[in-house]
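Q: Numbering that gives the first Met the number 0 applies: residue 0 is where the sequence shown begins, and numbers increase by one.
We treat Cβ as the ideally placed atom computed from N, Cα and C, and that holds for glycine.
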Amino acid sequence: MVRQIVKDPIFLGRKSRPATADDLPIAQDLLDTLAANRERCVGMAANMIGQAVQIIVFDQQGTAVVMLNPEILRAADRFETEEGCLSLPGVRKTTRFRTIKVRYQNQRLQTRIQTFTGWTAQIIQHEIDHLHGILI
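(1) Given that a residue counts as buried once 16 or more other Cβ atoms are within 10 Å of its Cβ, and exposed if not, what is PRO8?
(2) I'd like the list of long-range same chain contacts for PHE78, defined as Cβ closer than 8 Å, with 5 residues on each side in sequence excluded.
(3) Secondary structure at ASN46, three-state DSSP: helix, strand or coil?
(4) Quick one: is ILE122 buried, meaning 16 or more other Cβ sit within 10 Å of its Cβ, or exposed?
(5) Among the candidates TRP118, ALA75, GLY12 and ILE25, whose CA atom is the shortest distance from the CA of VAL65?
(6) Can you give, in chain order, each stretch of the beta strand (DSSP E) that sits fully within the stretch 11 to 80 and has at least 3 residues?
(7) Do we get a CB-CB distance below 8 Å when we pair ASP31 with the residues of chain D?
(8) Who are the Cβ neighbours of GLY117 in its own chain at under 8 Å, not counting the five residues just before and after it?
(9) Can you name, in chain order, every residue of its own chain whose Cβ lies under 8 Å from the Cβ of GLN53, other than the five neighbours on each side?
(10) Buried or exposed: which applies to PHE28, given that a residue is buried once 16 or more other Cβ atoms fall within 10 Å of its Cβ?
(11) What's the C-alpha gap between ILE112 and GLU82?
(12) Following the continuous alpha helix (DSSP H) through GLY117, name the residue where it begins and the one where it ends.
(13) So, with DSSP's three-state summary, where would you put ILE99?
(14) What is the rounded straight-line gap between the Cα of ARG73 and the Cα of ILE133?
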């Protein structure tokens, strides 16, 4: 189901709890909401649709990816950039890494470890920040 985008910085500033199997419907709502906003959004965290749970979704070259409980294990090649957010007005400066290694669970609750680079790595970092209550 497509959900409304939360724009309340107090709610968005809260840390999210770990995701469980009971939270899988939230992942589907995130996918639906990302698809509905694909013209202006490339990634979303569950708190952006009012759910303070550790789930993110993002577009990886035309394929929607779901991550439950993502954790950055390693990051390399720091750079400065500017980002916007569907939940917040404007564009802000931030620091990201060009390469990250992430441990997460897929929608089958299987643990995966994967390395991401470039634009995809930047999207994942932005969404993981949301899970920790970090707003750019």
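A: According to the data block:
(1) exposed
(2) THR94, ARG95, PHE96 and ARG97
(3) helix
(4) buried
(5) ILE25
(6) 42 to 44 and 54 to 59
(7) In the displayed structure, chain D is absent; only one protein chain is listed.
(8) ARG97
(9) SER15, ARG16, PRO17, ALA18, ALA45, LEU67, ASN68, PRO69 and LEU130
(10) According to the sequence displayed, residue 28 carries Asp and not Phe. So ASP28 counts as buried.
(11) 26 Å
(12) 117 to 130
(13) strand
(14) 19 Å
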